[in-house]
Amino acid sequence: MQISKAELRQSWITENKKKRQRMVLLLIATAFVFWVCICMRDTAYLKPGEHAFVPLESMKSLFWQIAISISGIFKGTLWHTRMDVLETLNLSVSENIKVTLMGFVAGAGLAVSGGIFQTVYKNPMASPTMLGATTGVQLGNVLMVTLYSSQAMAMIVMRYRLCYLLTAICVGGILLLGKLAGDRTGNPSVMQMVMAGSIINQAIGTATMYLMYQLKDEDLLTYQQIGMGTYIDLELISMVLFFVIMGVALVPMLVLRYRFNITGIDDAEARVAGVNPSPYRMVGQICGVLMVTAAVIHCGQAGMLTMVIPYIVRNAIGSDFRRIFAYSAMFGGMLMMICRTVTRCVAMHNAAGDIIVDANWDVLRFPATFIVNICLLPFFMIILARQGRAFD
Numbered sequence: 001m002q003i004s005k006a007e008l009r010q011s012w013i014t015e016n017k018k019k020r021q022r023m024v025l026l027l028i029a030t031a032f033v034f035w036v037c038i039c040m041r042d043t044a045y046l047k048p049g050e051h052a053f054v055p056l057e058s059m060k061s062l063f064w065q066i067a068i069s070i071s072g073i074f075k076g077t078l079w080h081t082r083m084d085v086l087e088t089l090n091l092s093v094s095e096n097i098k099v100t101l102m103g104f105v106a107g108a109g110l111a112v113s114g115g116i117f118q119t120v121y122k123n124p125m126a127s128p129t130m131l132g133a134t135t136g137v138q139l140g141n142v143l144m145v146t147l148y149s150s151q152a153m154a155m156i157v158m159r160y161r162l163c164y165l166l167t168a169i170c171v172g173g174i175l176l177l178g179k180l181a182g183d184r185t186g187n188p189s190v191m192q193m194v195m196a197g198s199i200i201n202q203a204i205g206t207a208t209m210y211l212m213y214q215l216k217d218e219d220l221l222t223y224q225q226i227g228m229g230t231y232i233d234l235e236l237i238s239m240v241l242f243f244v245i246m247g248v249a250l251v252p253m254l255v256l257r258y259r260f261n262i263t264g265i266d267d268a269e270a271r272v273a274g275v276n277p278s279p280y281r282m283v284g285q286i287c288g289v290l291m292v293t294a295a296v297i298h299c300g301q302a303g304m305l306t307m308v309i310p311y312i313v314r315n316a317i318g319s320d321f322r323r324i325f326a327y328s329a330m331f332g333g334m335l336m337m338i339c340r341t342v343t344r345c346v347a348m349h350n351a352a353g354d355i356i357v358d359a360n361w362d363v364l365r366f367p368a369t370f371i372v373n374i375c376l377l378p379f380f381m382i383i384l385a386r387q388g389r390a391f392d
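The sequence shown begins at 1 in the working numbering and counts up one residue at a time.
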């Protein structure tokens with residue numbers, strides 16, 4: 001049966017319309033989850049016996065804080081009477097928005113970075129963690145605590161410099177070993193990259209464990225709070241660094257998302273087609289490592305998220321990176337927001353109902369990334385059982 005051009009065009013228009021509708025629904029769902037997470041975090045501040053319609057209170061508090069900020073620009077009446085207004089508001093909503101937004105961006109960055117690595121290496125086991133990104137952050141954190149003790153919590157700029165320096169050394173060493181172990185053209189396979197990563201990660205992991213063993217009890221607690229993401233620095237410089245680095249990494253991937261599909265083509269096929277995927281592979285891997293490093297510095301390790309979410313998305317919607325980018329970012333961000341909110345609500349009150357954490361402490365007992373990894377572990381086993389059929 002022959003299909004006319006008009007029928008093909010109509011089919012193409014209908015399919016694109018369905019894709020846009022699904023994307024709009026996903027954006028609405030993401031916004032809804034974001035607002036629910038903020039409201040749940042506000043609910044955690046209510047003591048036993050207190051009742052309030054939290055969504056309305058949160059909206060009221062946010063509205064007045066924005067109005068006061070705008071009034072401050074023009075030195076209006078509301079700005080001069082702000083102290084009386086602030087006494088009646090729930091001021092935790094602004095901190096909750098910051099923490100929730102950082103969790104969403106971190107989860108989105110982790111999932112997108114995993115998606116580009118799986119596209120480049122055409123393997124569900126590929127992720128930035130195999131290049132030593134998280135290993136460099138671990139060593140950087142333990143060195144910061146060793147050198148500066150509890151002051152390391154506030155030294156966010158120095159932590160970024162040290163963690164990115166060590167991450168660059170780890171990634172460079174692994175790429176060099178992988179290239180030396182590659183074929184005649186110098187292109188390493190995933191297995192060779194995993195082996196090279198294991199060598200470097202084991203060597204650096206040994207040094208990290210030795211330094212951890214030398215830490216005092218209070219310094220070890222500080223390292224746990226920094227390394228597991230249970231302490232969130234909401235200072236302006238911390239948030240600026242986080243969002244700037246995430247933006248620097250996400251914007252190129254957003255602009256080049258149409259071209260990243262060629263990164264999965266073999267070099268021989270690419271030469272025949274007259275395209276050169278090497279620059280895009282390099283850009284994708286650099287952006288992926290940047291995002292993972294920033295996310296791990298702020299939110300702790302969630303290696304499962306970089307592998308499982310992109311694979312599930314690829315298995316559901318296909319191998320088009322344009323769609324993988326958007327869907328992975330949304331689902332990864334929502335998962336991180338939900339897990340962070342749940343752990344916050346669980347750890348907010350003690351047996352007497354008193355609040356036991358302040359604005360900068362996300363969890364006292366366990367990190368949100370631990371819950372993320374536990375939730376995704378069954379899906380990771382399914383991926384191993386399927387042996388990467390989404391890439392066939």
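For glycine and all other residues, C-beta sits at the position ideal for the given N, C-alpha and C.
Nearest residue (CA-CA) to Cys393, options Met228, Thr100, Val24, Leu177 = One cannot answer for residue 393 here, as it falls past the ends of the chain, which runs 1 to 392.
Reduced DSSP category for Tyr231 - H, G, I as helix; E, B as strand; rest coil | In the three-state scheme derived from DSSP, where H, G and I count as helix and E and B as strand, Tyr231 is classed as strand.
Give me the Cα-Cα distance between Leu377 and Ala273, rounded to the nearest whole angstrom.
-> Put simply, the backbone Cα of Leu377 is about 40 Å away from that of Ala273.
For Thr119, which of Phe380, Met209, Thr306, Phe331 has the nearest alpha-carbon?
-> Measuring from the Cα of Thr119, the nearest candidate turns out to be Thr306.
Could you tell me the distance, in whole angstroms, from the CA atom of Ile312 to the CA atom of Phe74?
-> In this structure, the alpha-carbon of Ile312 lies about 50 Å from that of Phe74.
Could you say which of Asp84, Ile200, Leu78 lies nearest to Thr129 if we only look at CA atoms?
-> With distances taken between Cα atoms, Thr129 lies closest to Ile200.
Own chain residues within Cβ distance below 7 Å of Phe380, not counting five before or after | Closer than 7 Å at Cβ, skipping near neighbours: Met304, Met307, Val308.
Going by CA-CA distance only, name the one from Phe117, Asn141, Thr135, Ala154 that's closest to Ala203.
-> Nearest option by C-alpha distance: Thr135.
With DSSP as the reference, label Val99 as helix, strand or coil.
-> Here Val99 sits in helix by DSSP.
Evaluate Ala249 with the Cβ neighbour count: other Cβ atoms within 10 Å of its Cβ, from every protein chain shown; 16 or more gives buried, anything less gives exposed.
-> Ala249 comes out buried.
DSSP three-state assignment for Arg257, whether helix, strand or coil | Residue state, collapsed to three classes: coil.
Roughly how many angstroms separate the alpha carbons of Thr81 and Asn315, rounded to a whole number?
-> C-alpha separation (whole angstroms): 56 Å.
So does the stretch 224-238 actually touch the stretch 154-163, counting three or more Cβ pairs closer than 8 Å?
-> They touch, by the three-pair rule.
For Ser150, I'd like the list of residues in its chain whose CB is within less than 8 Å of its CB, leaving aside the five on either flank, ordered along the chain.
-> Closer than 8 Å at the Cβ level, and outside the excluded window around Ser150, lie Glu218, Asp219, Thr222.
Whole-angstrom C-beta distance between Pro367 and Thr208, which should lie under 8 Å | About 18 Å separates the two Cβ atoms, so there is no contact after all.
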